[in-house]
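> Per my numbering: the sequence shown = residues 215 to 465.
Here a beta-carbon is modelled for each residue, glycine too, at the ideal position from N, C-alpha and C.
All values reported here derive from a predicted model rather than from experimental measurement.
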Amino acid sequence: VSILIVVGLSQTVVMGIGDINLSVGAIGGVVAMFFGWLVGPTQLPTEGLATGAPADVTALPGLGINWPVAVVLALLFAAVLGFINGWIIVKSGLSGFIVTLGTMGVFSGAMYIITKVKAFRYMPESFLEFGKMKFFNLFSPLVIIMLVVVVALFFFYRGTTPGRQMLATGANRRAAQASGIQVNRIVITTHMLSAALAGLAGMMLVARIGSAIPTLGTGGGGDWLLPSFAASAIGGPLFSGGWVRILGTFF
């Protein structure tokens, strides 16, 4: 549930500016695979010394980077994917629906071609232990991360200028532009935020299942597209933009 709430929030922030992001699942999957590549072992376990054949022919080696560092790099990579979405929307004048429908296929297709639909199945033990931890034998770290995201976004929209500008842009873009708000920058920033949340959800799912698979976000672990809309719509944001309910998406 904590992962789906973060996925829903990734859609909610875009709906706040009156837009839609159909690529949340694709971005989550791509970022999860990127994270798997960063933290995966440089050499895969072998079946025997004679042949040196990989124990799992569907697994891919990685770079062996420390996983907390990899989390930061993966979030930055997610923001880059969101920048691509926002930049195309701003420069082309097309709706987010059309643009992200296209990038959804591009992001996933490129990942399938590069990885040959193989997975990063070997995660660092410390990362796997982190995903299985229980605070007070009740809450997993994934729940704590989700709560931090919810609280941060709540205060972001309630008490910061960028948050207010995002809502103003969603309510009336022409009026926002006339009042001095750089609407194009807000659109790009919002899509970067949405992508970062989708990427975070992807890494959270990797922590849960213990591996990064190519279909994550689009099939493996469930398709995120419909749940992202369901969580957002039930939570109460307007499809026309200008209003979000972070706590509504949470509950």
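1. Would you tell me roughly how many angstroms separate the C-alpha atoms of Tyr326 and Val244, rounded to the nearest one?
2. Which whole-angstrom value is the C-beta distance of Ile460 and Phe368, which I expect to be below 8 angstroms?
3. Spatial neighbours of Ser375 within its chain, please: CB distance less than 7 angstroms, with the 5 preceding and 5 following residues excluded, ordered by chain position.
4. Compare the Cα-Cα distances from Leu419 to each of Thr317, Ala246, Gln396, Thr272 and report the closest residue.
5. With DSSP as the reference, identify every bridge partner of Phe334, one or two as the case may be.
6. Give the DSSP bridge partners of Ala273, in chain order.
7. When you compare only the Cα positions, how much space is there between Phe249 and Gly431?
8. Taking the CB atoms as reference points, tell me whether Gln379 and Ile395 lie closer together than 8 angstroms.
9. Do you know offhand how far Ser237's Cα is from Leu315's?
10. Distance, Cα to Cα, Phe291 vs Val313?
11. Is it the case that the region 402–409 contacts the region 293–303, given that we only count it when at least three CB pairs across the two stretches are under 8 angstroms?
12. Cα separation between Asn280 and Pro255?
13. Where does the unbroken alpha helix (DSSP H) through Val253 begin, and where does it stop?
14. Please classify Arg372 as buried or exposed, where buried requires at least 16 neighbouring CB atoms within 10 angstroms.
15. Please confirm whether Ile217 and Ala415 have their CB atoms less than 8 angstroms apart.
16. Do Gly413 and Gly242 come within 8 angstroms of each other at the CB atom, strictly closer than that value?
17. Distance check for Ile234 and Val397, CA to CA, integer angstroms please.
18. Taking buried to mean at least 16 other C-beta atoms within 10 Å of its own C-beta, is Phe311 buried or exposed?
19. Just curious, the alpha helix (DSSP H) that Pro355 is in, first and last residue?
20. Report yes if the CB atom of Phe370 is closer than 8 angstroms to the CB atom of Ala240, and no otherwise.
21. Using only CA atoms, which one of Trp251, Gly222, Gly232, Gly455 lies nearest to Lys332?
22. Buried or exposed: where does Ser309 fall if 16 or more other Cβ atoms within 10 Å of its Cβ makes it buried?
Let me spell this out:
1. 9 angstroms
2. 5 angstroms
3. Position check: residue 375 holds Thr in this sequence, whereas Ser was assumed. Nothing listed; no residue qualifies.
4. Ala246
5. Ala426
6. Ala333
7. 14 angstroms
8. yes
9. 7 angstroms
10. 19 angstroms
11. yes
12. 11 angstroms
13. 238–253
14. exposed
15. yes
16. yes
17. 16 angstroms
18. exposed
19. 355–373
20. no
21. Trp251
22. exposed
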